[in-house]
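Enquirer:
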Amino acid sequence: MSAHRVAASLPRIGVTIGHTPQKLKTGGIEPSRRARLEVLRRIVTRTVREERVELKWNRAVEARPYVERLIQLGVERGPLDEYTAEMMEWWLPEKDLITKMHEVIVPRFQNRDSPFTSLFRLPPQRLQQFIQNKREVWKRYDIGVLEIDGNPFPAIQAAHQEQSDSILDVLLADALRNHQITLQEKLEASTESK
Amino acid sequence: MNEARARFFLNLRQSIDPLLRVLSNKSAPPPSLGLAFDISGMPPATLKSSALTYGSVGEMIKDFSIVFGVPKYRTSKPKKVTRKFSFTRLLQPIDNLVTCPACSNIHPSDTICDACYSKVHKLTSEIKKKMMEYNPYVGEKQDREVYVKFKGESEAPAAVVKGKRVIELEKDRPTWFKKLTLKE
Amino acid sequence: MKVPVRSILALRKASTAVAAVEKVTPVTLSSEFFDHIRHEVYGDSKKVDKVVVTVKTEESSKPVLVNRNVSTAFHCLNHINKQFADDAVLVEVIPSVGGSYFSSVNQPLQDQAEIRKIGFDTLENLNLVNEAYWRSCSLVTAAFLREALDVDVDFKFSDGNIKDGFFSVVVKGLDGNIFTPDELGTINRFGKSYIREEKQLEVISIPSTIAEESGINGDNLIRIGRQVFSTNGPVIRSTRQIGRFLILRSKIAAKSEKDVIVGGVSIPTKQPTSSYSWSLIAKNANQKFSRNL
Numbered sequence: 001m002s003a004h005r006v007a008a009s010l011p012r013i014g015v016t017i018g019h020t021p022q023k024l025k026t027g028g029i030e031p032s033r034r035a036r037l038e039v040l041r042r043i044v045t046r047t048v049r050e051e052r053v054e055l056k057w058n059r060a061v062e063a064r065p066y067v068e069r070l071i072q073l074g075v076e077r078g079p080l081d082e083y084t085a086e087m088m089e090w091w092l093p094e095k096d097l098i099t100k101m102h103e104v105i106v107p108r109f110q111n112r113d114s115p116f117t118s119l120f121r122l123p124p125q126r127l128q129q130f131i132q133n134k135r136e137v138w139k140r141y142d143i144g145v146l147e148i149d150g151n152p153f154p155a156i157q158a159a160h161q162e163q164s165d166s167i168l169d170v171l172l173a174d175a176l177r178n179h180q181i182t183l184q185e186k187l188e189a190s191t192e193s194k
Numbered sequence: 195m196n197e198a199r200a201r202f203f204l205n206l207r208q209s210i211d212p213l214l215r216v217l218s219n220k221s222a223p224p225p226s227l228g229l230a231f232d233i234s235g236m237p238p239a240t241l242k243s244s245a246l247t248y249g250s251v252g253e254m255i256k257d258f259s260i261v262f263g264v265p266k267y268r269t270s271k272p273k274k275v276t277r278k279f280s281f282t283r284l285l286q287p288i289d290n291l292v293t294c295p296a297c298s299n300i301h302p303s304d305t306i307c308d309a310c311y312s313k314v315h316k317l318t319s320e321i322k323k324k325m326m327e328y329n330p331y332v333g334e335k336q337d338r339e340v341y342v343k344f345k346g347e348s349e350a351p352a353a354v355v356k357g358k359r360v361i362e363l364e365k366d367r368p369t370w371f372k373k374l375t376l377k378e
Numbered sequence: 379m380k381v382p383v384r385s386i387l388a389l390r391k392a393s394t395a396v397a398a399v400e401k402v403t404p405v406t407l408s409s410e411f412f413d414h415i416r417h418e419v420y421g422d423s424k425k426v427d428k429v430v431v432t433v434k435t436e437e438s439s440k441p442v443l444v445n446r447n448v449s450t451a452f453h454c455l456n457h458i459n460k461q462f463a464d465d466a467v468l469v470e471v472i473p474s475v476g477g478s479y480f481s482s483v484n485q486p487l488q489d490q491a492e493i494r495k496i497g498f499d500t501l502e503n504l505n506l507v508n509e510a511y512w513r514s515c516s517l518v519t520a521a522f523l524r525e526a527l528d529v530d531v532d533f534k535f536s537d538g539n540i541k542d543g544f545f546s547v548v549v550k551g552l553d554g555n556i557f558t559p560d561e562l563g564t565i566n567r568f569g570k571s572y573i574r575e576e577k578q579l580e581v582i583s584i585p586s587t588i589a590e591e592s593g594i595n596g597d598n599l600i601r602i603g604r605q606v607f608s609t610n611g612p613v614i615r616s617t618r619q620i621g622r623f624l625i626l627r628s629k630i631a632a633k634s635e636k637d638v639i640v641g642g643v644s645i646p647t648k649q650p651t652s653s654y655s656w657s658l659i660a661k662n663a664n665q666k667f668s669r670n671l
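Residue numbers (this note's numbering), protein chains in the order written: chain A, 1 to 194; chain B, 195 to 378; chain C, 379 to 671.
1) Looking at Pro65(A): is its Cβ nearer than 8 Å to the Cβ of Leu317(B)?
2) Counting pairs of beta carbons, one from the stretch 625-634 of chain C and one from the stretch 422-436 of chain C, are three or more of them closer than 8 Å?
3) Compare the beta carbon distance of Gly641(C) and Ser546(C) with 8 Å and say whether it is the shorter of the two.
4) Quick check on Val39(A) - is its C-beta less than 8 Å from some C-beta in chain B?
5) Since Ala491(C) sits in a beta bridge, which residues does DSSP pair it with?
6) By alpha-carbon positions, which one of Ile584(C), Asp530(C), Gly543(C), Asn508(C) ends up nearest to Lys648(C)?
7) Does DSSP put Trp244(A) in a helix, in a strand, or in coil?
8) Which residues, taken in chain order from the stretch 487-519 of chain C, show a beta carbon closer than 7 Å to some beta carbon of chain A?
9) Taking the alpha helix (DSSP H) that Val61(A) falls in, what are its first and last residues?
10) Decide if His301(B) is buried, meaning its Cβ has at least 16 other Cβ atoms within 10 Å, or exposed.
11) Consider the C-beta atom of Arg121(A) and the heavy atoms of the ligand FMN; say whether any pair is separated by less than 7 Å.
12) Is the CB-CB distance between Arg604(C) and Phe667(C) below 8 Å?
13) In whole angstroms, what is the alpha-carbon distance linking Thr47(A) and Asn151(A)?
14) Go to Gly593(C), then tell me how far its beta strand (DSSP E) extends in each direction, as first and last residue.
15) Helix, strand or coil, according to DSSP, for Leu599(C) in the structure here?
16) What do you get for Gln129(A), buried or exposed, if any count of 16 or more other CB atoms within 10 angstroms of its CB means buried?
17) So the beta strand (DSSP E) Gln184(A) belongs to, where does it begin and stop?
18) Can Ile517(C) and Val643(C) be called in contact, C-beta distance under 8 Å?
19) Check the DSSP bridge columns for Gly641(C) and list the partner residues they point to.
20) Could you work out which residues of chain A lie near Gln649(C), taking near to mean beta carbons separated by less than 9 Å?
21) The alpha helix (DSSP H) spanning Asn664(C) covers which residue range?
22) Thinking Asp308(B) and Leu127(A) are a contact (beta carbons under 8 Å), I'd like their distance in whole angstroms, please.
23) Specify the secondary structure class of Ser9(A) as computed by DSSP and reduced to three states.
24) Quick one: grab the DSSP three-state call for Gly346(B).
25) Does Ala60(A) have its Cβ less than 8 Å from a Cβ in chain B?
26) Give the residues from the stretch 172-186 of chain A that approach chain C closer than 8 Å (Cβ to any Cβ), ordered along the chain.
27) List, in chain order, every chain A residue whose beta-carbon is nearer than 7 Å to that of Gly543(C).
28) Do the CB positions of Ile584(C) and Asp597(C) come within less than 8 Å of each other?
29) Which of the three DSSP states, helix, strand or coil, is assigned to Arg199(B)?
30) Starting from the Cα of Asn505(C), find the closest Cα among Glu136(A), Arg69(A), Asp165(A) and give me that residue.
31) Quick test of the definition: if touching needs 3 or more C-beta pairs under 8 Å, does the stretch 64-82 of chain A touch the stretch 11-28 of chain A?
32) Using a Cβ-Cβ cut-off of 6 Å (strictly less than) and excluding sequence neighbours within five positions of Ala451(C), which residues of its own chain qualify?
33) Hey, Thr617(C) and Ile659(C) are a contact pair by Cβ (cut 8 Å); roughly how many whole angstroms apart?
34) Please tell me whether Leu80(A) has its Cβ less than 8 Å away from any Cβ of chain B.
35) Since Gln157(A) meets chain B, which of its residues come closer than 7 Å, beta carbon to beta carbon?
36) If I follow the unbroken alpha helix (DSSP H) through Phe371(B), where does it start and stop?
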């Protein structure tokens, strides 16, 4: 009940929420609603520990809002809040990660708006699953890279260059600009004559 | 001559055997007429194996296997055509391919370039390996931000590092991994 | 102002072109003069003296043994691979003594040095590459105009900027005759075939003393085919690097009635584009050139 109340008072998280609940099956856990949370907890814990993780695409999409909300709780309510503490304790079973959350990750986002995470999709990868009696079993995977922003790793997508100085780009940009101006003038002239 | 005589005796035995069986064991059903065939024209080698009596059930099944699992009806043309050329069997064109502006690798437009990502992934793993070198069971924590220092780089000024945990890598800084500066 | 220019615009045969070059007085730049200056600057090319030049690539650096004053940066880059060398537009030369400088790829190396290739795809020093390309385009224009025109003409190069949208060459000796559209078509066709011949732009960097002695203004002497020009600053490697190329039109120079300015636009082979984009660029360049005085 309290969860509902607190969650409603928090601002919206700035990420998309997948429209179909994924089954998130994992070896060793009987599939159920509880198991789903168990799997999500593993992913969230791992994301906080490593800051950039590669997951199956559907899991990454599913886990992202949970990571986002957890960070948001820290940012909005601080470590002293009862509900935040409870959530942190549940989602991060390793105590040192709660420290990391409050001392490293949350301060990064104090003056920033959501989203606090990024999700990138890799092209479908064909990876070897196992070798059975010299028979190689390959499978196609959709992989997503989930990361908490502000991590120390190299950026996945290089900062997009504002403007290229190559000869073609300079000439073409100028040509297009002038072309548009002439078109605009023509349009205005035609509307005036009417 | 010898062969002809052997065949004659065999034929004789084959024709007498069922009769004897019927006479000796009245309770057993008579041999199926459908399976009786004229063995006189058969070569002697096959005759031995195609006896009408079976030693075991397995032997019988082995012999009857041609009767099992055969199509009862002709597969219709549409079914065959669908099986061969239905939409799941057709090759679909991928029409959302773009080239990466950095390395000209071709990838679907909703994904990142995997060629560029592979080098990021490699370096990330190296940094991560160093980052994870702490033991939470003796109270060590990741309680500070991480600053990556490459081989041959001088100590960064304190204003840039700002009390971060410095991780040193035994390789040169790649050109595409920009250095942290005060401007940020 | 229109005079029948067709008479002066007869495309020459190669043999007559050579004859005409020999006619020119030694003060004007000729191919023989170029060889003479090269001998003066770099000494006898038959005396071989070896130096080690280190070619730096992104991943590694490779030392190569080359001939001092004979081998160019192009020869050194060829040791990496042919493609690598072909892509080079300029090179940054870091000599063992003295400061680094940017030079043309076809300029002989004078001393032990490290060299770094700069291509059209290099991010740093892109403005240098652009300048060199624009300069080379006007030089190539001058070269094939001199081959094509039946009168002896002289050229003056102005430092164009890519942002202008066109490059221009001042042609002296046309007596204020501008090209008719017909002639422009002929010139463009000839220019295209000239560029397709993949002529190397040979470069000599001239010290100021020799430049003063021989009366050359400019610190570089460029030879394209048999045509020699002096200019300031490095140029590209070969006409092969010039992709789409168009001479827009010619007009009377504002300063003197006799001189004619020829304007053109071009993009490198390495930066291909669609015909539609190119038509936009050409149209824009033409408008800008007509407006500009």
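Heads up, the beta-carbon is just placed ideally off N, CA and C, and yes, glycines get one too.
Expert: So, to answer that:
1) With a cutoff of 8 Å on beta-carbon distance, Pro65(A) and Leu317(B) are scored as not near each other.
2) Contact between the stretch 625-634 of chain C and the stretch 422-436 of chain C is absent, because fewer than three Cβ pairs lie under 8 Å.
3) In contact: Gly641(C) and Ser546(C) (Cβ atoms closer than 8 Å).
4) Val39(A) does not count as touching chain B.
5) As a beta-bridge residue in DSSP terms, Ala491(C) pairs with Val431(C), Pro473(C).
6) Nearest option by C-alpha distance: Asn508(C).
7) Since the first residue of chain A shown is 1 and the last is 194, residue 244(A) is not available in this structure.
8) Of all residues in the stretch 487-519 of chain C, Phe498, Leu504, Asn505, Asn508, Tyr511 have a Cβ within less than 7 Å of some Cβ in chain A.
9) Under the DSSP assignment, Val61(A) falls in the alpha helix (DSSP H) whose first and last residues are 57-77.
10) Classification for His301(B): buried.
11) Ligands displayed in this structure: none; no statement on the ligand FMN is therefore possible.
12) Contact check for Arg604(C) against Phe667(C) fails: the beta carbons are separated by 8 Å or more.
13) Using only the alpha carbons, I get a separation of about 11 Å.
14) Note, Gly593(C): premise wrong, no beta strand (DSSP E); not H, not E.
15) Of the three classes helix, strand and coil, the one that applies to Leu599(C) here is strand, per DSSP.
16) Burial call: exposed.
17) Counting along the chain, Gln184(A) sits inside no beta strand (DSSP E); it lies in the alpha helix (DSSP H) bounded by residues 167-193.
18) The question names Ile, yet the displayed sequence has Leu at residue 517(C). No, the pair does not count as a contact, with Cβ atoms beyond the cut-off.
19) DSSP lists Ser546(C), Arg627(C) as partners of Gly641(C).
20) For Gln649(C), the chain A residues whose Cβ falls inside 9 Å of its Cβ are Ser166, Ile167, Leu168, Asp169, in order along the chain.
21) Residue range 653-669 is occupied by the alpha helix (DSSP H) that includes Asn664(C).
22) 12 Å between Cβ atoms; not a contact.
23) In the structure shown, Ser9(A) sits in a helix (DSSP, three-state: H, G or I).
24) Three-state result, Gly346(B): coil.
25) For Ala60(A), the answer is no, since every Cβ of chain B falls outside 8 Å of its Cβ.
26) Taking 8 Å as the cut-off between beta carbons, the residues of the stretch 172-186 of chain A near chain C are Leu172, Asp174, Ala175, Leu176, Asn178, His179, in sequence order.
27) Residues of chain A passing the Cβ test: Leu171, Asp174.
28) Contact annotation: Ile584(C) and Asp597(C) have beta-carbon atoms nearer than 8 Å.
29) Looking at Arg199(B) - three-state DSSP - the assignment turns out to be helix.
30) Asn505(C) has its Cα closest to that of Asp165(A), out of Glu136(A), Arg69(A), Asp165(A).
31) Yes: the two stretches touch, three or more of their Cβ pairs being nearer than 8 Å.
32) Counting only residues of its own chain and dropping the five nearest sequence neighbours on each side, Ala451(C) has a CB closer than 6 Å to the CB of Val469, Val483, Ile493.
33) In fact, because the Cβ distance is near 19 Å, the residues do not count as touching under 8 Å.
34) So, not an interface residue.
35) Within 7 Å of the CB of Gln157(A), the CB atoms of chain B belong to Ile306, in sequence order along the chain.
36) No alpha helix (DSSP H) holds Phe371(B); DSSP gives it neither H nor E.
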